[in-house]
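Going down the list, the protein sequences come from chains A and B.
According to this note's numbering, the residues represented by the first sequence are 64 to 177, in order.
According to this note's numbering, the residues represented by the second sequence are 5 to 119, in order.
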Amino acid sequence: KAGVTQTPRYLIKTRGQQVTLSCSPISGHRSVSWYQQTPGQGLQFLFEYFSETQRNKGNFPGRFSGRQFSNSRSEMNVSTLELGDSALYLCASARGTSGTGELFFGEGSRLTVL
Amino acid sequence: AQTVTQSQPEMSVQEAETVTLSCTYDTSESDYYLFWYKQPPSRQMILVIRQEAYKQQNATENRFSVNFQKAAKSFSLKISDSQLGDAAMYFCAYRSPNTGNQFYFGTGTSLTVIP
């Protein structure tokens, strides 16, 4: 069974540009969550999508947005990039949205903003 | 918002020995779920162990076990018979029953296993 796939794995952008990251969840998983990982802040929740609807959103500015398609694949977009957006962006999929159901993580997309 | 604290940024253990990683959390909820995740140098996070707050019995998974102290809001991870493959970043995480897959993570503990 294929795991969570994130593309691209690495990318370099300059301030002011925008970026789109993609995530393909495990087959059968309808929930996709996004997390930002930085050395200083650790892992912070961005948002979660379930059946194409955003269920939860973390404390990030409106420059961070996402969507989910009917096949459960998800994209997140960051507009007007800032230096502080440099981070590892992790996508996680899950079958459901409650209990002890685990999150399955991808390897992440490493974004560097120059 | 819930907060999760891991007070040990780095830990080391001799191969075959036992090590305990600490985690405390702050919440006003009575029902919740706790997790330990492992992130090896290749970066993909994987689940190590999980615990429901309403269960008093501590969870175990082979060499991994937890010491869950609900009143103290403590959730430590014990790794027995440490192996070289256990070297990784370990994250403690909290999940509320009301906010879907919004996990709150600690800042992590980097574990080194010494041969």
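Every residue, glycine too, gets a C-beta built ideally from N, C-alpha and C.
Per DSSP, N102/B lies in no beta strand (DSSP E) segment and is marked neither H nor E. The residues E19 and L88, in chain order, have a CB closer than 7 Å to that of P119/B in the same chain once the five nearest residues on each side in sequence are set aside. Nearest Cα to G171/A within the set T7/B, Y36/B and I50/B: I50/B. Setting aside the 5 residues that flank it on each side, Q131/A is surrounded in the same chain by V95, Y112, E115 and S137, each with a C-beta closer than 7 Å to its C-beta; the list follows chain order. Leaving aside the five residues that flank R54/B on each side, the residues in its chain whose CB is nearer than 6 Å to its CB run, in chain order, F39. If you draw a straight line from the Cα of G66/A to the Cα of G169/A, it comes to about 7 Å. E165/A counts as buried, since no fewer than 16 other beta carbons sit within 10 angstroms of its beta carbon.
Judged by their CB atoms, V8/B and Y41/B are not nearer to each other than the 8 Å cut-off.
Judged by DSSP in its simplified three-state form, L177/A adopts coil rather than helix or strand. Taking a Cβ-Cβ cut-off of 7 Å, the neighbours of A157/A in chain B comprise N105, given in sequence order.
Taking R126/A as the centre and dropping the five residues before and after it, the same chain places the C-beta of V141, S142 and T143 closer than 7 Å to its C-beta, in chain order. The C-beta distance from V17/B to S84/B rounds to 10 Å, too long to meet the 8 Å contact threshold. For G110/B, the closest alpha carbon among the candidates P101/B, A91/B and S78/B is that of S78/B. In terms of beta-carbon proximity, M15/B stays away from the interface with chain A, with every pair separated by 8 Å or more. For N119/A, the nearest beta carbon of chain B is closer than 8 Å to its own beta carbon. Per DSSP, the beta bridge partners of Y152/A are Q99/A and S172/A. In the three-state DSSP reduction, L81/B falls in the strand class (E or B). S100/B and F108/A have their C-alpha atoms roughly 13 Å apart. Residue burial is scored here from C-beta neighbours: D35/B has fewer than 16 other C-beta atoms within 10 angstroms and is therefore classed as exposed.
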